[in-house]
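Residue numbers (the working numbering): 5 to 278. Working notes for the structure below.
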C-alpha cells in the first residue's frame with residue numbers, strides 16, 4: 005500500500021506529489037461522495053495523513069471500508085472531535101470515549117488529551133498537508149493526472165513511446181513552491197474586535213504560539229469604519245502557512261472565539277478582483 009507523508013523534499017514534480025498522495029485523494033473523493041463538504045473533507049484528509057504517519061492505521065481502515073458509508077461518517081465525526089480539540093485553549097473534559105474507532109487503530113492508549121498535548125506538532129503537520137493538497141486535491145490537476153496515467157498505460161499496452169508529461173504536472177514541486185506560491189492574503193485572517201477590548205500585536209501572536217507553536221509570521225493592526233456607536237478595530241494575522249487559516253475557520257465564513265477572555269471575530273481576507 006502506498007503510504008502518505010508530509011515530507012515533500014524528494015517529490016520533484018507535481019506529478020510525483022499527486023502520485024504519492026493518490027490514496028489520500030481517493031479517500032477525499034469518498035468523503036465527498038458520502039456528503040461531507042469539500043472544506044471539511046480537505047482538513048479531515050490532512051488530519052488522517054498525520055494520524056497515519058504517527059502509527060494510527062486510519063488509512064488502511066478506510067481503504068478496507070471503502071464502500072461503507074457508516075465507517076466513513078463515523079471516522080469523520082471522530083476526526084472532527086480531534087480537530088475541535090486542537091482548536092481548544094484547554095484540554096477537553098471528556099476524552100476517553102470520544103474516539104473509539106481511532107483509538108482502536110493503534111497499540112498505544114490514546115484519547116483527546118493525547119491530541120491536545122501534541123497540538124503543536126499536529127497543527128504544523130496538518131498545515132503542511134493542506135499546503136500540498138492545493139495540488140493533489142485540485143480537481144483540474146487530478147483530472148490531468150488521470151488522463152496522463154491512462155495515456156501512459158495505453159502506450160505500454162501498445163508497446164509505443166509514452167506520451168509527454170503535461171507541463172502542469174512536470175513543473176517542480178519542492179518545499180519553496182509549497183509556501184512561496186501562496187499569497188499573503190491566502191495566509192491571512194482578519195480579526196475584528198471592539199475598541200473597548202483592545203489587543204496588542206504581542207498578545208495575539210502569543211495566543212496562537214501557545215496554541216499551535218511557531219505559526220504566525222506577523223500581526224498588523226488597522227482601524228475600520230464603525231458599524232455602530234462603538235468603534236471597531238481589526239488585526240491582520242499572517243500565518244506561515246495557509247493551512248492555519250483553515251484550522252481556525254474550519255468551513256465557517258466567520259468564527260468567533262476569545263483571546264484572554266476578549267471576543268474576536270475571524271474571517272478570511274476578501275480576495276481582490278482584477
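Glycine included, every Cβ here is placed at the ideal spot set by N, Cα and C. This one's a predicted model, so the numbers in the text were calculated from it and none came from an experiment.
At least one CB of chain C closer than 9 angstroms to the CB of residue 91: is that the case? Among the protein chains of the structure shown there is no chain C, as only one such chain exists.
Report the partner residues of residue 226 according to the DSSP bridge assignment. Position 222 of the chain shown, counted from the first residue, corresponds to residue 226. The secondary-structure analysis by DSSP pairs residue 226 across a beta bridge with 238.
In whole angstroms, what separates the C-alpha of residue 51 from that of residue 94? Along the chain shown, read from residue 1 onward, the residue named residue 51 stands at position 47. Along the chain shown, read from residue 1 onward, the residue named residue 94 stands at position 90. If I take the Cα positions, the gap works out to 20 angstroms.
Among 254, 153, 207, nearest to residue 19 - alpha-carbon criterion: For the purposes of this step, residue 19 is identified with residue 15 of the chain shown, where counting begins at 1. Comparing Cα-Cα distances from residue 19 to each of 254, 153, 207, the minimum goes to 153.
Which residues in the same chain have their Cβ closer than 8 angstroms to the Cβ of residue 149, if we skip the five residues on either side of it in sequence? As a working note, residue 149 is residue 145 in the chain shown. Closer than 8 angstroms at the Cβ level, and outside the excluded window around residue 149, lie 19, 22, 23, 173.
Given 8 angstroms as the limit, is there contact between the region 153–162 and the region 204–212, that is, 3 or more CB pairs closer than that? Contact between the region 153–162 and the region 204–212 is not established, with fewer than three Cβ pairs separated by less than 8 angstroms.
Is the Cβ-Cβ distance between residue 125 and residue 245 less than 9 angstroms? Residue numbering aside, residue 125 sits at position 121 when the chain shown is read from its first letter. Residue numbering aside, residue 245 sits at position 241 when the chain shown is read from its first letter. No, the Cβ-Cβ distance between residue 125 and residue 245 is not below 9 angstroms.
Nearest-angstrom Cα separation, counted from residue 193 out to residue 273: Within the chain shown, the letter at position 269 stands for residue 273. Within the chain shown, the letter at position 189 stands for residue 193. Approximately 6 angstroms, taken between the alpha carbons.
Distance, Cα to Cα, residue 128 vs residue 215? By 1-based counting over the chain shown, the position of residue 128 is 124. By 1-based counting over the chain shown, the position of residue 215 is 211. In a straight line, the C-alpha of residue 128 is about 11 angstroms away from that of residue 215.
Excluding the 5 residues preceding and the 5 following residue 218 in the sequence, name in chain order all residues of the same chain whose CB lies nearer than 6 angstroms to its CB. Reading the chain shown from its first residue, position 214 is the one you call residue 218. Excluding residues within five positions, none has a Cβ falling inside 6 angstroms.
C-beta atoms of residue 33 and residue 250 nearer than 9 angstroms: Here residue 33 refers to the residue found at position 29 of the chain shown. Here residue 250 refers to the residue found at position 246 of the chain shown. Against a cut-off of 9 angstroms, the Cβ pair of residue 250 and residue 33 comes out as no contact.
With 16 other CB atoms within 10 Å as the buried threshold, where does residue 39 fall? Taking the chain shown and counting its residues from 1, the one referred to as residue 39 is at position 35. Residue 39 is exposed by the Cβ-count criterion.
What residue range is occupied by the uninterrupted beta strand (DSSP E) comprising residue 131? Stepping through the chain shown from its first residue, residue 131 is reached at position 127. Residue 131 -> not in any beta strand (DSSP E); alpha helix (DSSP H) instead, spanning 123–140.
When DSSP labels each residue in this structure, what does residue 263 get in the three-state scheme? For the purposes of this step, residue 263 is identified with residue 259 of the chain shown, where counting begins at 1. Residue 263 falls in the strand class under three-state DSSP.
I think residue 237 touches residue 225, with their Cβ atoms under 8 angstroms apart; what is that distance to the nearest whole Å? Position 233 of the chain shown holds residue 237. Position 221 of the chain shown holds residue 225. Contact holds; Cβ gap of about 6 angstroms.
Could you check the C-alpha separation between residue 47 and residue 220 for me, to the nearest Å? Along the chain shown, one-based indexing puts residue 47 at 43. Along the chain shown, one-based indexing puts residue 220 at 216. If you take the alpha carbons of residue 47 and residue 220, they lie about 19 angstroms apart.
Have a look at residue 140 and residue 199 and give me their C-alpha separation to the nearest angstrom. Taking the first residue of the chain shown as 1, we reach residue 140 at position 136. Taking the first residue of the chain shown as 1, we reach residue 199 at position 195. Computed Cα separation, rounded: 43 angstroms.
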